[in-house]
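If you read the sequences in order, they're chains A and B. Okay, so the first sequence: first residue is 1 according to this note's numbering, each after it adds one. Okay, so the second sequence: first residue is 282 according to this note's numbering, each after it adds one.
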Amino acid sequence: MTNSPMIAPPVPAGVSTKHNITRKGIALTVRNLNAYYGTSLAVGDVTLDFSPNTITALIGPSGCGKSTLIRCFNRMHEVLRGAHAEGEVILDGDNIYAPDADPVRIRRRIGMVFQKPNPFPTMSIYNNVIAGLKLNGGSHSGINYDEVVENSLRQAALWDEVKNKLKDSGASLSGGQQQRLCIARAIAVDPEVLLLDEPCSALDPIATLKIEELLQQLVEKYTIIMVTHNMQQAARCSEKTAFMLADDKRVGHLVEYTATSEIFTRPKDKRTEDYISGRFG
Amino acid sequence: MAQPTISLDHRTLLSAELARYATRRVTNSIVRIILLILTAIAVLTLLVIVGYVVLNGLSTLFPVVDGHLTFNVGFFTKPGSAPGDEDPGGVFNGIVGTLEMLAIGAFIAVPIGLGTAIYLSEYAVGRLGRIVRFIIDLLAGLPSVLVGLFIWMVFIHTRILDFSGLAGALGLMIIIIPIVASSVEAILRLVPDSLREAGLALGLAKWRVILRIVLPTVSGGVATGILLSLARAAGETAPLLLTTAGSTLFTNTDPLKPMTSLTLQIYNYATSAYPAQNQQAWGNALVLISVIAMFSAAVRYVTGRNRYDQ
Numbered sequence: 001m002t003n004s005p006m007i008a009p010p011v012p013a014g015v016s017t018k019h020n021i022t023r024k025g026i027a028l029t030v031r032n033l034n035a036y037y038g039t040s041l042a043v044g045d046v047t048l049d050f051s052p053n054t055i056t057a058l059i060g061p062s063g064c065g066k067s068t069l070i071r072c073f074n075r076m077h078e079v080l081r082g083a084h085a086e087g088e089v090i091l092d093g094d095n096i097y098a099p100d101a102d103p104v105r106i107r108r109r110i111g112m113v114f115q116k117p118n119p120f121p122t123m124s125i126y127n128n129v130i131a132g133l134k135l136n137g138g139s140h141s142g143i144n145y146d147e148v149v150e151n152s153l154r155q156a157a158l159w160d161e162v163k164n165k166l167k168d169s170g171a172s173l174s175g176g177q178q179q180r181l182c183i184a185r186a187i188a189v190d191p192e193v194l195l196l197d198e199p200c201s202a203l204d205p206i207a208t209l210k211i212e213e214l215l216q217q218l219v220e221k222y223t224i225i226m227v228t229h230n231m232q233q234a235a236r237c238s239e240k241t242a243f244m245l246a247d248d249k250r251v252g253h254l255v256e257y258t259a260t261s262e263i264f265t266r267p268k269d270k271r272t273e274d275y276i277s278g279r280f281g
Numbered sequence: 282m283a284q285p286t287i288s289l290d291h292r293t294l295l296s297a298e299l300a301r302y303a304t305r306r307v308t309n310s311i312v313r314i315i316l317l318i319l320t321a322i323a324v325l326t327l328l329v330i331v332g333y334v335v336l337n338g339l340s341t342l343f344p345v346v347d348g349h350l351t352f353n354v355g356f357f358t359k360p361g362s363a364p365g366d367e368d369p370g371g372v373f374n375g376i377v378g379t380l381e382m383l384a385i386g387a388f389i390a391v392p393i394g395l396g397t398a399i400y401l402s403e404y405a406v407g408r409l410g411r412i413v414r415f416i417i418d419l420l421a422g423l424p425s426v427l428v429g430l431f432i433w434m435v436f437i438h439t440r441i442l443d444f445s446g447l448a449g450a451l452g453l454m455i456i457i458i459p460i461v462a463s464s465v466e467a468i469l470r471l472v473p474d475s476l477r478e479a480g481l482a483l484g485l486a487k488w489r490v491i492l493r494i495v496l497p498t499v500s501g502g503v504a505t506g507i508l509l510s511l512a513r514a515a516g517e518t519a520p521l522l523l524t525t526a527g528s529t530l531f532t533n534t535d536p537l538k539p540m541t542s543l544t545l546q547i548y549n550y551a552t553s554a555y556p557a558q559n560q561q562a563w564g565n566a567l568v569l570i571s572v573i574a575m576f577s578a579a580v581r582y583v584t585g586r587n588r589y590d591q
């Protein structure tokens, strides 16, 4: 669901629907972002550039604000009572925190997958995938739902496991399958950026591996930002890593942000080195 | 395996422990029996009331005429009677009145109650939410005779309405609203926030998330809340006593005219000086209990069929 004509890609010849298009992800630029719970500052003054079609990992100990930060990137932070954020998050030239920016439209361009798999329990697998398209109102006449379901589930590497039981409840799947269903649901609305908030922390190692493999394919199409508390996971999957740490006032700050290979071998900051070498956290 | 040798000290300790264990067992059984008796009193009270109503009610429905058991068809097809009438009549007007007033009251009250519940659970923050919740609780605890008095004062005394089915329905409405609001709110709060977040993160507007994701997830619980409120309202007498001026004699379907109900019939017949009418009260009571039991059965059916588990 591309909202702005500015970023609509040219349709290659022979491609019938926009869901088949291999499209480049979009860069996300963060400038001086502060996130608050009530009046207390939780994340202070973060400035970051996320490269298109890149997996960036956000790492750091518990309570460092990495989940808070990622929730600011699609304006999900403010959904919590009393929470708000200030600063700029620029998606393709548009500041998503501009006064006239509509959070609902922004969330269609920046999809999110949560820590705990959360398929809609009353919906079938099929309806879970198309929930974002079907429930959002407007005209649905141009959408071929069967195609969207198959494409999204194939991209989420779940198609072969569920193609014969699309009418079953989404809740009937295993945890790993549910999480891939949530990924399929997120990409069915055709976002440009995919945010993953500790997507594997509720999964077993095999399911985790599957998701990690999947991310390597998805990064061809989307810009991926992933929070993880698992440093091995960051090292395995991401190209770039941002390390965050809370200061003594429990305000999270960005400590170091560079190529993943760099940060795990030659960290510039002493605190980064202490963390990745397991001295705390 | 070789048993470790037990010294004399240990043996003394052991026997003391055994003695204490015996006392504990006895105390446990005594407590259990006391609790059982208390539970039995609670359950028996209900059984005696229902049993008494059923037995007496059945003898109204199936009277023994000339030594034969007969079925009193007229009990369901005829309106009630006046004191001293030869034919004691039936419950038809009561059933019509109860169902009609319940339908009108619920038609107005359920949307109001649902809206309040959704507002409280999904939108209300801080102080305003607490105040609204407190008022809803007060309303739910209001003695129902005050509800009747209120309707009488505001609508009937001012001649906005006559004593009528509509006035009674407004009374039932006031009974239904807080029950629906508080029970549905409690149920909506059971929906985990992760589902709301999942919907919002897909770029769905908040009201669509509520309507298409939150409510369907607990549709069984919402239906239960509504049915319970109807069961409660069906058994109300006081709000109608002061507002409907129901006559035992006529069947009326016009909501702007006086209307009776099963509960009013019971009240009128039970306080009558004629034994034949007293007997009619039991029949009415049996029908009323059956109506309420049907709502309860519907509740069980709905909750058993559609339960949210995660």
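Glycine included, each C-beta is placed from N, C-alpha and C at the ideal position. As the structure is a prediction and not an experimental result, all values here were calculated from the model.
Taking the straight line between their C-alpha atoms, what separation do you get for residue i and residue j?
{"i": "A:Leu173", "j": "A:Gly137", "result": "28 Å"}
{"i": "B:Gly375", "j": "B:Ser528", "result": "10 Å"}
{"i": "B:Arg581", "j": "A:Lys165", "result": "30 Å"}
{"i": "A:Glu273", "j": "B:Ile399", "result": "50 Å"}
{"i": "B:Ser571", "j": "B:Glu517", "result": "15 Å"}
{"i": "A:Ile187", "j": "B:Met454", "result": "47 Å"}
{"i": "B:Leu325", "j": "B:Ile315", "result": "15 Å"}
{"i": "B:Val329", "j": "B:Leu395", "result": "36 Å"}
{"i": "A:Thr39", "j": "A:Ile183", "result": "33 Å"}
{"i": "A:Tyr36", "j": "B:Val413", "result": "28 Å"}
{"i": "A:Pro61", "j": "A:His140", "result": "44 Å"}
{"i": "A:Trp159", "j": "B:Gly502", "result": "34 Å"}
{"i": "B:Asn533", "j": "B:Met382", "result": "11 Å"}
{"i": "B:Lys487", "j": "A:Glu78", "result": "13 Å"}
{"i": "B:Pro536", "j": "A:Asn95", "result": "59 Å"}
{"i": "A:Val219", "j": "B:Ile416", "result": "53 Å"}
{"i": "A:Ala27", "j": "A:Ser261", "result": "21 Å"}
{"i": "A:Ser169", "j": "A:Pro121", "result": "7 Å"}
{"i": "A:Gly63", "j": "A:Thr241", "result": "18 Å"}
{"i": "B:Ala578", "j": "B:Leu509", "result": "10 Å"}
{"i": "A:Gly176", "j": "A:Leu214", "result": "12 Å"}
{"i": "B:Leu543", "j": "B:Thr379", "result": "6 Å"}
When the Cα of residue i is compared with those of the options, which residue comes out closest?
{"i": "A:Ile90", "options": "A:Val104, A:Asn74, A:His84, A:Leu80", "result": "A:Asn74"}
{"i": "A:Thr228", "options": "A:Asp45, A:Thr68, A:Ala42", "result": "A:Thr68"}
{"i": "B:Gly365", "options": "B:Pro556, B:Ala579, B:Ala574", "result": "B:Pro556"}
{"i": "A:Gly82", "options": "B:Ala405, B:Leu511, B:Arg306", "result": "B:Ala405"}
{"i": "B:Ala421", "options": "B:Ser463, B:Ile385, B:Gly446, B:Ala384", "result": "B:Ser463"}
{"i": "A:Leu33", "options": "A:Ile59, A:Ser51, A:Glu88", "result": "A:Glu88"}
{"i": "B:Met575", "options": "B:Phe388, B:Arg489, B:Ser475, B:Thr505", "result": "B:Thr505"}
{"i": "A:Tyr257", "options": "A:Asn144, A:Leu48, A:Gly44", "result": "A:Leu48"}
What span of residues does the beta strand (DSSP E) with residue i cover, start to end?
{"i": "B:Glu466", "result": "Taken as a continuous stretch (DSSP letters only), B:Glu466 belongs to no beta strand (DSSP E), being part of the alpha helix (DSSP H) at 446-469."}
{"i": "B:Phe388", "result": "Careful: B:Phe388 lies outside any beta strand (DSSP E), inside the alpha helix (DSSP H) at 373-399."}
{"i": "A:Asn34", "result": "28-37"}
{"i": "A:Tyr257", "result": "252-259"}
{"i": "A:Phe283", "result": "Outside the displayed range of chain A (1 to 281) lies residue 283 of chain A, so it cannot be described from this structure."}
Enumerate in chain order the residues of its own chain whose CB-to-CB distance from residue i is below 6 Å, with the five nearest sequence positions on each side excluded.
{"i": "B:Leu561", "result": "Sequence check: residue 561 of chain B is Gln here, not Leu. Excluding sequence neighbours, B:Gln561 sits near Pro369, Tyr550."}
{"i": "A:Tyr126", "result": "Val149, Leu166"}
{"i": "A:Arg71", "result": "His77"}
{"i": "A:Ser152", "result": "Val129, Ala184, Ile187, Ala188"}
By Cβ distance below 8 Å, which residues in the same chain neighbour residue i in space, the five residues on each side in sequence not counted?
{"i": "B:Val335", "result": "Leu567, Ile570"}
{"i": "A:Arg236", "result": "Glu212"}
{"i": "B:Leu430", "result": "Leu523"}
{"i": "A:Ser124", "result": "Leu166, Lys167, Asp168, Ser169, Gly170"}
What first and last residue would you give for the alpha helix (DSSP H) that runs through residue i?
{"i": "A:Tyr275", "result": "270-276"}
{"i": "A:Ser238", "result": "Premise fails: A:Ser238 is in no alpha helix (DSSP H) and is neither H nor E."}
{"i": "B:Ser510", "result": "500-515"}
{"i": "A:Leu135", "result": "Unbroken run through A:Leu135: none, as it is neither H nor E."}
Return yes when at least one heavy atom of the ligand HEM lies under 7 Å from the C-beta of residue i, else no.
{"i": "A:Ile90", "result": "Among the components of this structure there are no ligands whatsoever, and the ligand HEM is therefore not found."}
Keeping to the same chain, check which residues put their C-beta closer than 7 Å to that of residue i; ignore five residues upstream and five downstream.
{"i": "A:Pro331", "result": "As displayed, chain A neither begins before 1 nor continues past 281, which places residue 331 of chain A out of reach and without an answer."}
{"i": "B:Glu466", "result": "Ala398, Leu401, Ser402"}
{"i": "B:Ser553", "result": "Pro364, Asn559"}
{"i": "B:Val377", "result": "Thr532, Thr534"}
{"i": "B:Gly338", "result": "Trp563, Gly564, Ala566, Leu567"}
Quick one: is residue i near chain D, going by C-beta distance under 8 Å?
{"i": "A:Val193", "result": "The structure shown contains no chain D; the protein chains it does contain are A and B."}
Members of the segment 474-500 of chain B near chain A, C-beta cut-off 7 Å | Ser475, Leu476, Glu478, Ala479, Leu481, Ala482, Leu483, Gly484, Leu485, Ala486, Arg489, Arg493, Ile494, Pro497, Thr498
Residues of the segment 402-413 of chain B with Cβ closer than 7 Å to any Cβ of chain A, in chain order | Val406
Contacting positions in the segment 182-212 of chain A - beta carbon closer than 9 Å to chain B | Cys182, Arg185, Ala186, Ala188, Val189, Pro191, Leu195
For the segment 130-159 of chain A, enumerate the residues whose C-beta is nearer than 8 Å to any C-beta of chain B, in chain order.
-> Ala131, Gly132, Leu135, Asn136, Gly137
Of all the residues that make up the segment 88-108 of chain A, which are near chain B by a beta-carbon distance shorter than 9 Å?
-> Pro103, Val104, Arg105, Ile106, Arg107, Arg108
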